[in-house]
Amino acid sequence: MKIRLLLSCLAFALAACKPAEEPGATTPPAAPTPVASPAAKSTKPQVLVANYPLQYFAQRIAGDSVEVRFLAPKDEDPAFWQPDEAAIAAFQGADLILMNGATYSKWADKITLPESKVVDTSAVFAVSLIQVNETTTHSHGPGGEHSHSGTAFTTWIDFKQASLQAKTVRDVLIRLVPAAKEAMETNYESLKDELDTLDDRMSALSRRWVNQPLVASHPVYHYLARRYGMGLKALLWEPENVPDDKAMADLNAILAGHRARWMIWEGEPAKESVEKLEAVGLKSVVFDPCGNVPESGDFLTVMKANVEALEKAFP
Ligand SMILES: [Zn+2]
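When we follow my numbering, the leftmost residue of the sequence shown carries the number 2, and every step to the right adds one.
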């Protein structure tokens, strides 16, 4: 039993790595050479993406048939990033621009993009986007002050929404490279299967926290909370900052009417933070929204780790 489980995990891990290479193999005319020389590279359609989840979806679906480019630096939140001149030029020269929608890319308001190339990947569920009223501003990273007021934009951590976004990505990629249609459809199906599995696992968890209020370190979990029935209240904390007296007072104000026992963090919190929370009866669990490229693994390995962490926290 144990070995079988191990084998199936291994198969799963292999399956997770494989699809990126598949399209090259399954689209004979599109990719005759496996290694793209700089010259060959420039002839491929240029697909620019607004965040890492879209990069992952596009690469996994299109494989070698397009060049997917995600330009936000690794240490910045792509939502609050400010593209420089070169990045703006790249967007303006793209064959396809995959946007997250839901007001994700704050920079897009100030820059004229070639309208016919821009695709809002969350447009199909635009009517069910969540509006947030948040008056305070704060900052994390080099992007300066921001607020999370307006439309909640971490759409993909509702895995049903993620697969709808991936479906839109598939459709526009097929329009861009019709010759790769079959491979793209196959690749999308395998991605969708994995997202559906995550959705099932999260849905199965939802009854375990039905009477358990939860706290989040940052207001980025609206869609996760809605789809999977979490009673979640958010602070404006950062994983790398240890909560000071003011932060602990904010937390205690929430806990007074919302007896949470778990805090969900965007990234691994400092040891000192974990201890401070334990002192007020809160345990810590990480659910990384993965808006930017992860330090290791990929979108799906991060999401699987997120779900596993919750399964462990709520056995
Ligand atoms: Zn923020």
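We put the CB at the ideal spot given by N, CA and C, even for glycine. All figures in this text were calculated on a predicted structure; none of them were measured in a lab.
Quick check: is any heavy atom of ligand 1 less than 8 angstroms from the C-beta of residue i?
i      : result
ASP78  : yes
LEU237 : yes
PRO220 : yes
HIS223 : no
HIS141 : yes
Can you tell me the Cβ-Cβ gap for residue i and residue j, rounded? I've got them flagged as a contact below 8 angstroms.
i      : j      : result
MET203 : ALA63  : At roughly 27 angstroms, the Cβ-Cβ gap does not stay under 8 angstroms, so MET203 and ALA63 are not in contact.
SER285 : MET264 : 5 angstroms
PHE288 : TRP210 : The Cβ separation is near 13 angstroms, so there is no contact.
SER123 : GLY94  : In fact, because the Cβ distance is near 24 angstroms, the residues do not count as touching under 8 angstroms.
Closer than 7 angstroms by C-beta to residue i: which residues in its own chain qualify, once you throw out the five before and the five after it? Chain order, please.
i      : result
ASP96  : PRO46, GLN47, VAL48, LYS118 and LEU177
ASP121 : MET100 and GLY102
PRO240 : SER218, TRP266, GLU267, GLY268, GLU269 and PRO270
VAL125 : LEU165 and THR169
Looking at residue i: is its Cβ nearer than 9 angstroms to the Cβ of residue j?
i      : j      : result
ALA271 : GLN213 : no
VAL281 : LEU252 : yes
PRO290 : TRP157 : yes
PHE71  : PRO84  : no
LEU99  : VAL173 : yes
TYR224 : GLN162 : yes
VAL308 : LEU237 : no
VAL133 : ALA59  : no
Give the single residue among the options whose Cα lies nearest to the Cα of residue i.
i      : options                          : result
SER129 : ALA153, GLU135 and TYR222        : ALA153
ASP159 : SER207, PRO240 and HIS149        : SER207
PRO295 : LEU283, GLY268 and ASP65         : GLY268
PRO115 : VAL125, ALA90, ARG228 and THR104 : ALA90
GLU195 : VAL50, LYS305, MET231 and LYS182 : LYS305
THR44  : VAL50, VAL69, TYR57 and ASP201   : VAL69
LEU256 : ASP245, ALA235 and ALA310        : ALA235
Under 8 angstroms Cβ to Cβ from residue i, same chain only, skipping five residues before and after it: list those, please.
i      : result
GLY292 : ASN52, TYR53, PRO54, ASP78, PRO79, ALA80 and THR155
LEU6   : Low confidence applies here, because LEU6 scores a pLDDT of 43, under 50, leaving its location unreliable; read the following figure in that light. Hits under 8 angstroms: none found.
ASP197 : PHE160 and SER164
TRP108 : TRP82, GLN83 and PRO84
GLU135 : SER148, HIS149, SER150 and PRO220
VAL36  : Interpretation of VAL36 is limited by its pLDDT of 44, a score under 50 that renders its predicted location unreliable; the figure taken from the coordinates is listed afterwards. So the list is empty, once near-sequence residues are dropped.
Ligand 3 and residue i: does the residue's C-beta get closer than 8 angstroms to at least one heavy atom of that ligand?
i      : result
HIS149 : Here the bound small molecules are ligand 1; ligand 3 is not part of this structure.
Keeping to the same chain, check which residues put their C-beta closer than 6 angstroms to that of residue i; ignore five residues upstream and five downstream.
i      : result
GLU312 : none
VAL243 : ALA271, GLU273 and SER274
LEU192 : ARG61 and ALA167
ALA88  : LEU72
GLU146 : THR138 and SER140
ALA127 : none
LYS182 : ILE175
LYS247 : none
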